[in-house]
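Which chain is which? The protein sequence lines are Y and E, in order.
Numbering-wise (this note's numbering), the first sequence opens with residue 1 and increments by one.
Numbering-wise (this note's numbering), the second sequence opens with residue 116 and increments by one.
Beta carbons are placed, not taken as given, at the ideal position from N, Cα and C, and that holds for glycine.
Bear in mind that the values here come from a model prediction, so they are computed numbers and not experimental data.
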Amino acid sequence: AQSVAQPEDQVNVAEGNPLTVKCTYSVSGNPYLFWYVQYPNRGLQFLLKYITGDNLVKGSYGFEAEFNKSQTSFHLKKPSALVSDSALYFCAVRDLRGNFNKFYFGSGTKLNVKP
Amino acid sequence: NAGVTQTPKFQVLKTGQSMTLQCAQDMNHEYMSWYRQDPGMGLRLIHYSVGAGITDQGEVPNGYNVSRSTTEDFPLRLLSAAPSQTSVYFCASSYRGTLTDTQYFGPGTRLTVL
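So this is what it looks like as structure tokens:
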């Protein structure tokens, strides 16, 4: 069955330090993977996606994600965290379910960046 | 362009009332969809549309109706609100709705049913 797991409910990091938000997936076919960010009382904003090609994907706001097929992971990273990066982050995989394309979202990871 | 817009931002209903959540996009996207977001359950697909005049059910369609008379608009109707429909509702759109398309989300409607 298709699924996405975000093992950490919350990640705390100091401003200026590197950050990683973890995501693992399970799909029956090719993985089409996405990261979204949600700021308080706002909708989900697209950060980046992996479709094919280079395992390191660069996205918005300095974020990048590393696709690892052997570990079925798609961790989100940023070399230097900002306080403004504090938000809820969702990993998602897109797959077919019956006759429609569905996003399977993880449960979300709250990122806290402290000054 | 404004992207995906939703109205209202907040709504409180009494059990049994009906209402329509509005969604519009100005990106000429063919594919539009409605999700609900509940704690611990991620986002679940309610209904979707692959173009004007074409709609279909997602994974949690009961209690909701949709229509797509234009490319731009995709309203979601709650026929008889129930407390179980208390949730945050997101509308999303993408160019074609293929597996590789990026979906763009609206700001959400927070609905409380008493």
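Which chain Y residues are close to residue i, counting only those with a beta carbon under 7 Å from its beta carbon?
{"i": "Ser224/E", "result": "The identity of residue 224/E in the sequence shown is Thr, whereas the question assumes Ser. Neighbours of Thr224/E on chain Y: none; closest Cβ ~10 Å, over 7 Å."}
{"i": "Gly157/E", "result": "Phe105, Gly106, Ser107"}
List, in order along the chain, the chain E residues whose C-beta lies closer than 7 Å to that of residue i?
{"i": "Tyr39/Y", "result": "Result: empty, since nearest Cβ-Cβ is about 10 Å, beyond 7 Å."}
{"i": "Gly53/Y", "result": "The premise fails here: Gly53/Y is roughly 12 Å from chain E at the closest Cβ pair, so nothing lies under 7 Å."}
When DSSP builds the beta bridges, which residues end up paired with residue i?
{"i": "His144/E", "result": "In DSSP, His144/E forms no bridge with anything."}
{"i": "Arg42/Y", "result": "Arg42/Y is not bridged to any residue."}
{"i": "Cys23/Y", "result": "BP columns for Cys23/Y are empty, so no partner."}
{"i": "Ala197/E", "result": "According to DSSP, which records beta bridges pairwise, Ala197/E is partnered with nothing at all."}
{"i": "Val181/E", "result": "Leu191/E"}
{"i": "Gln126/E", "result": "Leu226/E"}
{"i": "Val13/Y", "result": "Val113/Y"}
{"i": "Phe63/Y", "result": "Its beta-bridge partners do not exist; DSSP assigns none."}
{"i": "Val165/E", "result": "For Val165/E, which the question treats as bridged, DSSP gives no partner whatsoever."}
Since residue i meets chain Y, which of its residues come closer than 9 Å, beta carbon to beta carbon?
{"i": "Thr217/E", "result": "Phe34, Phe46, Lys49"}
Within 10 angstroms of its Cβ, does residue i collect 16 or more other Cβ (buried), or is it exposed?
{"i": "Leu19/Y", "result": "buried"}
{"i": "Tyr39/Y", "result": "exposed"}
{"i": "Lys69/Y", "result": "exposed"}
{"i": "Gln71/Y", "result": "exposed"}
{"i": "Gly168/E", "result": "exposed"}
{"i": "Lys78/Y", "result": "buried"}
{"i": "Leu136/E", "result": "buried"}
{"i": "Tyr204/E", "result": "buried"}
{"i": "Tyr32/Y", "result": "buried"}
{"i": "Lys124/E", "result": "exposed"}
{"i": "Gly157/E", "result": "buried"}
{"i": "Lys49/Y", "result": "buried"}
{"i": "Thr185/E", "result": "exposed"}
Alpha carbons only, please: which of the options is nearest the one belonging to residue i?
{"i": "Ser209/E", "options": "Val127/E, Phe189/E, Ser195/E", "result": "Phe189/E"}
{"i": "Asp141/E", "options": "Pro176/E, Gln121/E, Leu194/E", "result": "Gln121/E"}
{"i": "Tyr163/E", "options": "Met147/E, Val175/E, Asn177/E, Gln152/E", "result": "Met147/E"}
{"i": "Val13/Y", "options": "Tyr61/Y, Ala81/Y, Ser26/Y, Ala87/Y", "result": "Ala81/Y"}
{"i": "Ser86/Y", "options": "Thr109/Y, Lys49/Y, Arg94/Y, Ser60/Y", "result": "Thr109/Y"}
{"i": "Tyr4/Y", "options": "Val21/Y, Gly16/Y, Glu15/Y, Ser26/Y", "result": "Here the sequence assigns Val to residue 4/Y, which means Tyr is not the residue at that position. Here the closest residue by C-alpha is Ser26/Y."}
Note down, in chain order, every chain Y residue with its Cβ under 8 Å from the Cβ of residue i.
{"i": "Ala221/E", "result": "The residue asked about is misnamed: residue 221/E is Gly in this sequence, not Ala. Within chain Y, the residues near Gly221/E are Gly43."}
Please tell me whether residue i has its Cβ less than 8 Å away from any Cβ of chain A.
{"i": "Leu214/E", "result": "Of the protein chains in this structure, namely Y and E, none is chain A."}
Q | Cβ-based contacts, 9 Å cut-off: residues of the stretch 100-114 of chain Y near chain E | A | Phe100, Asn101, Lys102, Phe103, Tyr104, Phe105, Gly106, Ser107, Gly108
Q: With 7 Å as the C-beta to C-beta threshold (strictly closer), list the residues of the stretch 199-212 of chain E near chain Y in chain order.
A: Taken in chain order, the members of the stretch 199-212 of chain E whose beta-carbon sits within less than 7 Å of a beta-carbon on chain Y are Phe205, Gly212.
Q | Positions along the stretch 177-191 of chain E whose CB lies within less than 9 Å of some CB in chain Y | A | Among the residues of the stretch 177-191 of chain E, none has a Cβ less than 9 Å away from any Cβ of chain Y.
Q: Return the residues of the stretch 122-144 of chain E that lie within a Cβ-Cβ distance of less than 9 Å from chain Y, sorted by chain order.
A: Within the stretch 122-144 of chain E, the residues whose Cβ lies closer than 9 Å to some Cβ of chain Y are Lys124, listed in chain order.
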